[in-house]
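So the structure is just underneath, and the comments pick up after that.
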Amino acid sequence: MLTNTDELRIETSTLCNYSCVMCPRDQLKRQKTTMSNQLFDLITDKARMELKHIRSITISGFGEFATDPDWRYKIEKSASLFDRLHVITNLSLLGISDLSFLLRFVSDLRISVYAVSDAVYHEVHHPPSRHRLEDIQAKIVYLTQQKNPGQDIVLNYLEIDENVHQTAQWIDFWKDRVDLIEVWKPHNWIDGRSYRVPCSHRLATCGRPFKGPIQVQVDGTVNVCCFDYNGELEIGDLKSEGFNAIFDGERMCWIQDKHRNKQADDIPQCRVCDQRNCLSCKSRHMLYNSRFDRKERVAMTSTEYENLQTEKE
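Residue numbers (this note's numbering): 6 to 318.
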């Protein structure tokens, strides 16, 4: 059964020019590549044909979208097909002309920048040595000055040991400069990292098999969950199937039944995933939000802010 969502997410690249501390790229088993324009066209055309209710598209994934040499084509086509376009980026590969191009099409840009000094920026993100935090900050300021009414510039910050001493300064620096800032403790990427401990009051479901965004991976396969970076919860392949067939398929029905019947522990990835922690536990990992109540925010998706919660704690 199709998830009750307004959002399609397409991973156009699994390449990244950063090696952030909290990101388990060292454990990525899927191919590191970019999506061809032909495959992107196939996916988006199928989406428009079968998913009439989808209004928004997010270009993101387990990589930096700008590593794709054809990212401009995909951005322009996405904007022509969907009402809203979200892009997630570290900004490092984008020049001023690229930023101006993006501002012609996007609804929001979500930028990851987890430091206020260059030394900590390099310690946390591990960018190429020539990259400087001051250049990223200048690009963000440019975006805030040039953006159109209704567009949002959103900054994410993950607090870890390497940058905890800069969190308060980061909040103070950015809270009045951009449209939204969020500060979180990092999650585990299921089993890729071990920042969060599964709590004793586990939810029967995280909500994603029923309400989560539709996740298309770089090779055209569909995955249930964005945290499943190795694609182990794959449910079908758009190169040979349609969206409806995939979501009505045996694999997706099995996963939904397990979550519906309080048997999610039968799924190895779901058994250990911190996204099934109770909302009280998860809200403690949301350290600051300039727009939402913390407990409300932890039950939402990160781009369209759709509610994922399906049951009370």
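Yeah, the Cβ is synthetic: ideal placement off N, Cα and C, and Gly gets one too.
{"Asked": "For a test of the three-state rule: what should DSSP assign to residue 33, helix, strand or coil?", "Found": "coil"}
{"Asked": "Can you give me the C-alpha to C-alpha distance between residue 319 and residue 197, rounded to a whole angstrom?", "Found": "The first residue shown for the chain is 6 and the last is 318, placing residue 319 beyond what the model contains."}
{"Asked": "Take residue 288 and list the residues in its own chain whose beta-carbon comes closer than 7 Å to its own, dropping the five residues that flank it on each side.", "Found": "299, 300 and 303"}
{"Asked": "Identify the continuous beta strand (DSSP E) that holds residue 62 and give its terminal residues.", "Found": "61-65"}
{"Asked": "Select from 65, 268 and 137 the residue whose C-alpha is nearest the C-alpha of residue 20.", "Found": "65"}
{"Asked": "Ignore the nearest five residues each way along the sequence and tell me which others in residue 67's own chain have a CB closer than 7 Å to its CB.", "Found": "16, 19, 33 and 234"}
{"Asked": "Secondary structure at residue 277, three-state DSSP: helix, strand or coil?", "Found": "helix"}
{"Asked": "Should the region 239-252 be called in touch with the region 161-172, which here means at least 3 C-beta pairs below 8 Å?", "Found": "no"}
{"Asked": "Using the three-state DSSP reduction, which class does residue 285 fall into: helix, strand or coil?", "Found": "helix"}
{"Asked": "DSSP puts residue 220 in a beta bridge; with which residues?", "Found": "14 and 228"}
{"Asked": "Can you give the beta carbon distance from residue 132 to residue 97, rounded, assuming they're within the 8 Å contact cut?", "Found": "6 Å"}
{"Asked": "Is it true that the CB of residue 42 sits closer than 8 Å to the CB of residue 75?", "Found": "yes"}
{"Asked": "What are the uninterrupted segments assigned as beta strand (DSSP E) that are 3 or more residues long and contained completely in the region 70-157, given in chain order?", "Found": "89-94 and 113-117"}
{"Asked": "What distance in whole Å lies between the Cβ atoms of residue 201 and residue 279, which are believed to be in contact at a cut-off of 8 Å?", "Found": "4 Å"}
{"Asked": "Taking the beta carbon of residue 273 as the centre, do at least 16 other beta carbons fall within 10 Å, making it buried, or is it exposed?", "Found": "exposed"}
{"Asked": "Relative to the C-alpha of residue 123, which candidate in 137, 114, 111 and 171 has its C-alpha closest?", "Found": "137"}
{"Asked": "How far does the alpha helix (DSSP H) with residue 179 in it extend, from its first residue to its last?", "Found": "172-179"}
{"Asked": "Please classify residue 206 as buried or exposed, where buried requires at least 16 neighbouring CB atoms within 10 angstroms.", "Found": "exposed"}
{"Asked": "Roughly how many angstroms separate the alpha carbons of residue 139 and residue 31, rounded to a whole number?", "Found": "27 Å"}
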